[in-house]
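Just below is one structure, and these are the notes that go with it.
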Amino acid sequence: SITRHYTFNIEYLNVTRLCHTRTILSVNGKFPGPRLIAREGDRVVVKVNNHVSNNVSIHWHGVRQLTSGWYDGPSYVTQCPIQRNQSFTYNFTITGQRGTLLWHAHISWLRATLYGPIIILPKRNDSYPFPKPHSEIPILFGIIYIHIIYIINIKVLIYVYILICMHGSCIAGEWFNVDPEAIISQALQTGGGPNVSDAYTINGLPGLFYNCSSQDTYRVKVKPGKTYLLRLINAALNDELFFSIANHTLTVVETDATYVKPFDATTLVIAPGQTMNVLLNTHPHSPNATTFLMTARPYFTGRGTFDNSTVAGILQYHHHHHHKDNFTLLITPTLPPINATNFVANFTSKFKSLANSKFPANVPKKVDKKFFFTVGLGTSPCPQNATCQGPNNNTKFAASVNNVSFALPSVAILQSYFGGSNNNNKNYQTDFPTSPLNPFNYTGTPPNNTMVSNGTKVVVLSFNASVEVVLQDTSILGAESHPLHLHGYNFFVVGQGFGNYDPNKDPSKFNLVDPIERNTVGVPAAGWVAIRFLADNPGVWFMHCHLDVHTSWGLRMAWLVLDGPGPNQKLQPPPSDLPQC
Ligand code: C2O
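Here UniProt numbering = 1-based position in the sequence shown + 23.
In structure tokens form, the structure reads like this:
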């Protein structure tokens with residue numbers, strides 16, 4: 024194994040999409056950002072230099088960070104953000120993982136444009152447990168906002184929008200004339216949120232179904248009769264997506280940097296924060312220049328306005344030897360309807376760990392700590408003198424785990440934990456509720472009390488505790504799937520179902536043999552999912568819905584895992600260049 028060095032300069036970049044030019048935040052002037060490539064076992068050192076006025080931090084989503092929790096990246100959880108003209112060098116080893124992951128900014132909503140692939144190749148002299156691909160193609164899904172300011176605070180901003188629209192073209196101003204963080208915090212105060220994007224993108228490009236966008240279409244050329252490895256990454260802020268390539272079957276071989284028992288599918292479902300490697304076998308006899316569309320469109324069951332548009336890219340067959348053949352036939356795939364929950368449940372049930380002798384599934388068989396967490400939306404009081412967008416008499420949208428809406432502190436929790444023994448000086452509490460406020464029929468008629476309370480509460484786990492968490496969706500504002508992401512761990516998805524979790528019946532159906540190992544799992548709309556993990560990584564680990572709008576509303580919490588007795592079971596000391604708040 025070797026050490027690989029990268030420099031990430033956070034800088035402004037002008038991009039034009041849908042005929043509008045905007046200034047966005049980028050890494051090294053690239054959108055999407057640069058690829059980080061390593062082999063399993065390598066050390067990765069990334070120096071991040073912040074040249075913009077926003078504070079930033081970068082998260083290496085899905086990288087386990089064994090004992091290196093200071094480098095995990097979520098702002099105010101493991102570190103203070105990197106301020107303008109400051110630098111921080113992330114330094115971690117990739118242990119026991121291979122496949123595709125992603126990096127992204129982890130503060131406010133800056134990951135809208137600050138994201139890129141992490142490609143972890145097998146160790147040198149090791150091979151894939153599937154046919155060697157002819158080549159590898161990263162495919163990143165994202166979103167773009169052009170009209171970001173009009174969707175925020177209806178009252179103030181419709182006025183701004185109308186004003187700008189009067190000058191011919193709507194929103195001629197630059198996106199960052201209005202600081203996105205200021206917009207978001209204002210929106211969050213009143214319970215709104217910019218959750219309607221203008222377009223979905225493949226590798227930063229919206230594609231030919233959007234106005235003024237056919238030039239901005241992702242195209243990839245393939246040869247007939249070959250195998251390609253597509254590395255799919257959903258980096259969209261708030262959108263679970265269906266994905267398909269017309270007239271092609273895809274073979275799923277890996278997800279969240281763990282190998283799976285291969286299975287075929289024509290339509291995939293991928294939640295934000297999830298990654299998936301799939302094999303594409305091209306047809307042996309497709310004529311030269313035949314083109315097939317690849318499309319993605321959201322899966323969504325919640326209420327309210329939502330962007331149901333479709334991003335398209337082009338897969339084009341290309342034979343070196345017939346240059347003159349201009350035959351083109353554009354074939355479009357069919358995707359399930361936006362609310363196809365049964366399709367999603369059926370697709371997710373196909374994932375099983377490879378679970379062979381080389382890649383065993385070390386599922387915790389006995390459990391030391393069991394938790395039942397409700398995850399879902401709720402309401403909280405609207406601040407005085409504000410007009411809020413929540414339901415029932417001017418309430419504010421909120422989201423919670425066991426009715427606690429997690430508030431980020433002003434200094435990173437990990438620093439507060441590490442910086443002394445006096446419990447009174449900690450900026451978090453350890454009394455996270457072990458059950459929801461008022462148990463009810465979670466997927467039926469909601470109770471009157473949907474209120475949440477704010478708090479910075481963590482769950483303390485002793486080293487090597489084996490943990491089971493049942494995550495129960497609540498249908499308070501309509502059933503909605505929540506892609507829950509756990510930092511610092513992979514977990515096994517041992518069970519899932521619709522309706523209320525039944526602690527007497529459901530555990531007997533758990534799969535403890537070859538359950539899928541993930542870092543992000545969709546808690547089914549009007550259902551539950553059960554996960555298990557071994558708390559073998561000391562530190563403070565964030566767990567949250569990977570729909571940023573829900574994260575911001577408070578659907579997040581943290582685990583504090585204590586050091587183990589052995590020297591390799593302790594959190595490393597804080598790096599000397601750790602940013603200060
Ligand atoms: Cu990919 Cu805490 O996030």
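Built from N, CA and C at the ideal position, the CB exists for glycine as well.
Predicted, not measured: the structure shown is a model, and the values here were computed from it.
Taking a contact to require three or more Cβ pairs closer than 8 Å, the region 561 to 574 and the region 84 to 104 qualify as touching.
Closest option to R254, judged by alpha-carbon separation, among Y340, N591, F514 and I142: I142.
In terms of side-chain proximity, the C-beta atom of G139 is found no nearer than 7 Å to any non-hydrogen atom of the ligand C2O. Using a cutoff of 7 Å, the CB of P97 counts as near the ligand C2O, since one of the ligand's heavy atoms is closer than that. C-alpha of L509 to C-alpha of V490: approximately 13 Å in a straight line.
Closest by C-alpha distance to I225, out of F455, T318 and L601, is T318. By the Cβ-count criterion, I554 is buried, with 16 or more other Cβ atoms from all chains shown falling within 10 Å of its own Cβ. A straight line joining the alpha-carbon of T116 with that of Q88 spans about 7 Å. When DSSP reads this structure, N37 sits in a beta bridge with T46. For W126, the enclosing beta strand (DSSP E) stretches over residues G122 to A128.
DSSP lists H508 as the beta-bridge partner residues of T543.
Around the ligand C2O, the residues whose beta-carbon falls short of 6 Å from at least one of its heavy atoms are H82, H84, P97, H127, H129, G296, H508, H510, F565, H567 and H569, given in chain order. DSSP lists S98 as the beta-bridge partner residues of Q102. In terms of Cβ geometry, G56 and L36 do not form a close pair [threshold 8 Å]. The region 471 to 480 makes no contact with the region 501 to 508, as fewer than three CB pairs between them are under 8 Å. Shown here, D529 sits in a helix according to DSSP, grouped into three states. As a beta-bridge residue in DSSP terms, S428 pairs with N477. The C-alpha of S267 is placed about 41 Å away from the C-alpha of L484. By a beta-carbon distance limit of 8 Å, H306 does not contact P356. Their separation comes to about 15 Å.
Less than 8 Å divides the Cβ of F31 from the Cβ of V69. Under the DSSP definition of a beta bridge, G139 partners with W126. Scanning the region 298 to 372 from its first residue to its last, the whole alpha helix (DSSP H) runs of 4-plus residues come out as 364 to 371. CA-CA distance, P156 to T123, rounds to 15 Å.
The three-state secondary structure of F441, taken from DSSP, is helix. Counting along the chain, no beta strand (DSSP E) covers V572; the unbroken alpha helix (DSSP H) around it starts and ends at D571 to W576.
Under the DSSP assignment, C568 falls in the beta strand (DSSP E) whose first and last residues are G562 to C568. By the Cβ-count criterion, E277 is buried, with 16 or more other Cβ atoms from all chains shown falling within 10 Å of its own Cβ.
In the structure shown, the three-state DSSP call for N114 is strand.
The Cβ atoms of T90 and P561 lie closer than 8 Å to each other. Excluding residues up to 5 positions away in sequence, S110, F111 and T112 lie with their Cβ nearer than 8 Å to the Cβ of D600 in the same chain. Around the beta carbon of D586, fewer than 16 other beta carbons sit within 10 angstroms, so the residue counts as exposed. Beta bridge pairing from DSSP links W83 with W126. Straight-line measurement puts the Cα of N450 at about 29 Å from the Cα of N408.
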